[in-house]
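Scroll down for the structure; my scribbles are underneath it.
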Ligand code: ADP
Ligand code: ADP
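Numbering (full-length UniProt numbering), first residue to last: 19 to 257.
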């Protein structure tokens, strides 16, 4: 059963640059997909099209059989609630605690005036704590985000996405700024979340080597076009 479906998707930026060209992709529930390609190939555009952080120019994208392309207002918010996002630059509030950062992932979706004042229900705190346990950061709940290493910060952002209980997690070059050892920890966390919860994960990477090590399915993009889509074993360096 397909959870992300691209139907003839094109994206042309206002300056005429083609971000995506006639993209047809089906991703099934529970898949762990890695998107590779050189800088400028369209990886980030593809990922951001999935949760409509970027609008596409033509075609349609279905999330769990619902059109996110056509969705408006509440409908769009409901679809987006199922999609967690992880960025290269972590996007944490530097001066806030780890716990607060993980909790604010939920504020965006269910804000109440109490939450805006920083008061969170006990269940939310428990859930945030459980997410932090999944990424082995439970002992850092009260540490300020900017006191953590890059890898730890990225794992906080994974916990933040997880707390949202998403069906899909999108990770845009999540390890681009990390060293090899830390990279493995972050990739292992993503893989484990995929296996333990069956969350569908789409990760952008520029390293084909890393993609081969972790992916089960690799999508290759070049100039916005699909140039490879298949199992890891068949992926070559030209992918
Ligand atoms: P990747 O993530 O693979 O590096 P991107 O999706 O960021 O590639 O970019 C794909 C192409 O679209 C590139 O040529 C890039 O310069 C262009 N692009 C990306 N964002 C914009 C934008 N906001 N306006 C114009 N062109 C853009
Ligand atoms: P983000 O989308 O997270 O802000 P990006 O790295 O995608 O970060 O791009 C930074 C800014 O530059 C964005 O406003 C994006 O729209 C713009 N941008 C990226 N690539 C291009 C490009 N080739 N031409 C014009 N603007 C671009």
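Note that beta-carbon positions come from the ideal geometry of N, C-alpha and C, so glycine has one too.
Between which two residues does the beta strand (DSSP E) containing residue i stretch?
i, result
"residue 26", "20-30"
"residue 249", "243-249"
"residue 238", "235-240"
Compute the Euclidean distance between the alpha carbons of residue i and residue j, then round it to the nearest angstrom.
i, j, result
"residue 195", "residue 84", "34 Å"
"residue 26", "residue 190", "22 Å"
"residue 223", "residue 102", "17 Å"
"residue 247", "residue 69", "21 Å"
"residue 192", "residue 132", "32 Å"
"residue 232", "residue 216", "16 Å"
"residue 119", "residue 164", "11 Å"
"residue 96", "residue 42", "24 Å"
What does DSSP give as the partner residue(s) for residue i in the beta ladder?
i, result
"residue 190", "222"
"residue 49", "Answer is none; residue 49 lacks a bridge partner."
"residue 80", "23 and 85"
"residue 115", "162"
Looking at the secondary structure, which residues open and close the alpha helix (DSSP H) in which residue i lies?
i, result
"residue 140", "140-152"
"residue 104", "Unbroken run through residue 104 is the beta strand (DSSP E), 101-104; no alpha helix (DSSP H)."
"residue 170", "168-181"
"residue 35", "Note, residue 35: premise wrong, no alpha helix (DSSP H); not H, not E."
"residue 67", "61-68"
"residue 200", "198-215"
Q) Residues near ligand 1, CB to any non-hydrogen atom under 6 Å, in chain order? A) 31, 33, 35, 37, 55, 57, 58, 59, 60, 61, 62 and 63
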